[in-house]
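Notes to accompany the following structure.
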Amino acid sequence: MAHTNDHSGHDHTGHDHGPGHVHGSTDKKRVLIAACLTGGFMVAEALGGILTGSLALLADAGHMLADSIALGLAWYAFHLAGRPATVRLTYGFGRVKTLVAYTNGIAIFVIALWIVYEAWERLQAPAPVLGGPMLVVAILGLLVNIGSFVVLHGGDRESLNMRGAILHVLGDLLGSAAAIAAALVILATGWTPVDPILSVLVSLLILYTAWSLMREAAHVLLEGVPPSLDRDLIARDIEATIQGVREVHHMHVWSLEGTSNMATLHACLDEGVDAHQAVSAVKKRLASEHGISHATVEPEFGQCADDGDEHEHGHEHEAAAYHDHHH
Numbered sequence: 028m029a030h031t032n033d034h035s036g037h038d039h040t041g042h043d044h045g046p047g048h049v050h051g052s053t054d055k056k057r058v059l060i061a062a063c064l065t066g067g068f069m070v071a072e073a074l075g076g077i078l079t080g081s082l083a084l085l086a087d088a089g090h091m092l093a094d095s096i097a098l099g100l101a102w103y104a105f106h107l108a109g110r111p112a113t114v115r116l117t118y119g120f121g122r123v124k125t126l127v128a129y130t131n132g133i134a135i136f137v138i139a140l141w142i143v144y145e146a147w148e149r150l151q152a153p154a155p156v157l158g159g160p161m162l163v164v165a166i167l168g169l170l171v172n173i174g175s176f177v178v179l180h181g182g183d184r185e186s187l188n189m190r191g192a193i194l195h196v197l198g199d200l201l202g203s204a205a206a207i208a209a210a211l212v213i214l215a216t217g218w219t220p221v222d223p224i225l226s227v228l229v230s231l232l233i234l235y236t237a238w239s240l241m242r243e244a245a246h247v248l249l250e251g252v253p254p255s256l257d258r259d260l261i262a263r264d265i266e267a268t269i270q271g272v273r274e275v276h277h278m279h280v281w282s283l284e285g286t287s288n289m290a291t292l293h294a295c296l297d298e299g300v301d302a303h304q305a306v307s308a309v310k311k312r313l314a315s316e317h318g319i320s321h322a323t324v325e326p327e328f329g330q331c332a333d334d335g336d337e338h339e340h341g342h343e344h345e346a347a348a349y350h351d352h353h354h
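Take a look at the structure:
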């Protein structure tokens, strides 16, 4: 947008300084505590898995290794998000959290697929498993994971980064529960295939949740309209409620990191309308009614400044949605 006059006085860092900012600092501490708990116990669980011959424990240790790395990344993302914007990164570092959430989703996918493959190998050639020691390690793991889960669960569950972190720990929690169940079955019946079978069930559950996290993070990275908003309805609302606004087009609504929403739009004004007043009214409406904290509004009289520009032809299709209800 060439029109930059109405940017003054706005926060370009992409993170608000209201309640979200408070959440950010406590979330950062929560994620760090969970990372230390998970990383510390991961070593014990891996050793337990090797000594007892349990795939369920090794699978859980594999989860915990990835999770301690993921939680470390999540902590670093919160750390970066607190930095001010720079000349090169004018929106700040807020979106790093979404990138990390997406990467976490991919990591969970890879680990889960590896466990499914290992389980298949185990079912072909069952290995002996020491049920007693496996049960002890699995119970300790469950307690550590419950601790991490409680710490994270008190954080901001709207944040994709935080949800990615919670998802990792939830996967660990289920992994530990599966390992306990497998150990109990092995101690009671000696049937070792239960170990890989339960590992696969946990992996499939984690794959499903990882997919939804990745899909949401990808939507943010692709500048998609936030799920809670409807661009066409917002445009119509502005046309219906703001006096002097004849039509809204070239409207884009997106989110930086899943929490703060932004918009750009062209507002066609009736002749004689005060452009500054109209722009202010549009911005107030967007903020109060639609939760869009930062908007760039280009006022127009008569012809649209972008009409006829070749690079804008793609947007004419979008504008058609707004024109239809007028004609």
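Counting in our numbering, the sequence shown runs from 28 upward without gaps. Yeah, the Cβ is synthetic: ideal placement off N, Cα and C, and Gly gets one too.
Give the single residue among the options whose Cα lies nearest to the Cα of residue i.
i: Q151; options: I265, G99, E185 and P220; result: P220
i: L248; options: L283, L225, D259 and W218; result: L283
i: D301; options: R263, M289, G271 and P160; result: G271
i: L74; options: A101, G99 and M161; result: M161
i: V163; options: A209, A245 and E250; result: A209
i: Q330; options: P153, L231, H303 and A294; result: A294
i: T130; options: R242, L256 and D333; result: R242
i: I142; options: V229, T323, I207 and T125; result: V229
i: V324; options: H317, A290 and A332; result: A290
i: L4; options: R184, L197, V156 and P253; result: Because residue 4 is not part of the residues shown, which for the chain are 28 to 354, the question remains open.
i: S81; options: L64, D222 and L98; result: D222
i: A101; options: C63, T117 and A88; result: C63
i: H195; options: A322, G89 and I269; result: G89
i: L214; options: T79, V137 and L59; result: T79
i: L231; options: I77, A86 and T65; result: A86
i: G198; options: A314, F136 and P254; result: F136
i: G285; options: V58, A206, K310 and R190; result: R190
i: L59; options: Y103, G159, A308 and A83; result: Y103
i: I224; options: K310, R149 and F68; result: R149
i: G158; options: G299, E145, E327 and G76; result: G76
i: L312; options: L260, H277, G67 and D333; result: At residue 312 the sequence reads Arg, which differs from the Leu that was named. Per the Cα distances, L260.
i: A154; options: T125, H246, A192 and G217; result: G217
i: H246; options: R115, L126 and S52; result: L126
Locate the alpha helix (DSSP H) running through residue i, then write down its first and last residues.
i: T125; result: V123 to Q151
i: R190; result: L187 to T216
i: S95; result: L82 to A108
Where do the N-terminal and C-terminal ends of the beta strand (DSSP E) with residue i fall, by residue?
i: S175; result: That residue, S175, is in no beta strand (DSSP E); its alpha helix (DSSP H) goes G158 to H180.
i: V300; result: Premise fails: V300 is in no beta strand (DSSP E) and is neither H nor E.
i: S320; result: I319 to E327
Return the Cβ separation of residue i and residue j in integer angstroms, given the expectation that the two are a contact with Cβ distance under 8 Å.
i: D358; j: G182; result: Residue 358 lies beyond the stretch modelled for the chain, which goes from 28 to 354, so this question has no answer here.
i: L240; j: A128; result: 6 Å
i: W281; j: G251; result: 7 Å
i: A61; j: L98; result: 5 Å
i: R57; j: V178; result: 5 Å
i: A244; j: L187; result: 5 Å
i: S203; j: A165; result: 6 Å
Measuring CB atoms only, is the stretch 91-104 touching the stretch 229-246, in the sense that at least three cross pairs come out at less than 8 Å? no
Pairing CB atoms from the stretch 163-176 with CB atoms from the stretch 104-112, are three or more of them under 8 Å? No: fewer than three Cβ pairs fall under 8 Å.
Is it a yes or a no for the stretch 112-122 touching the stretch 258-266, going by three-plus beta-carbon pairs under 8 Å? no
Entirely enclosed beta strand (DSSP E) segments - the stretch 224-312, minimum 3 residues: 272-282 and 288-296
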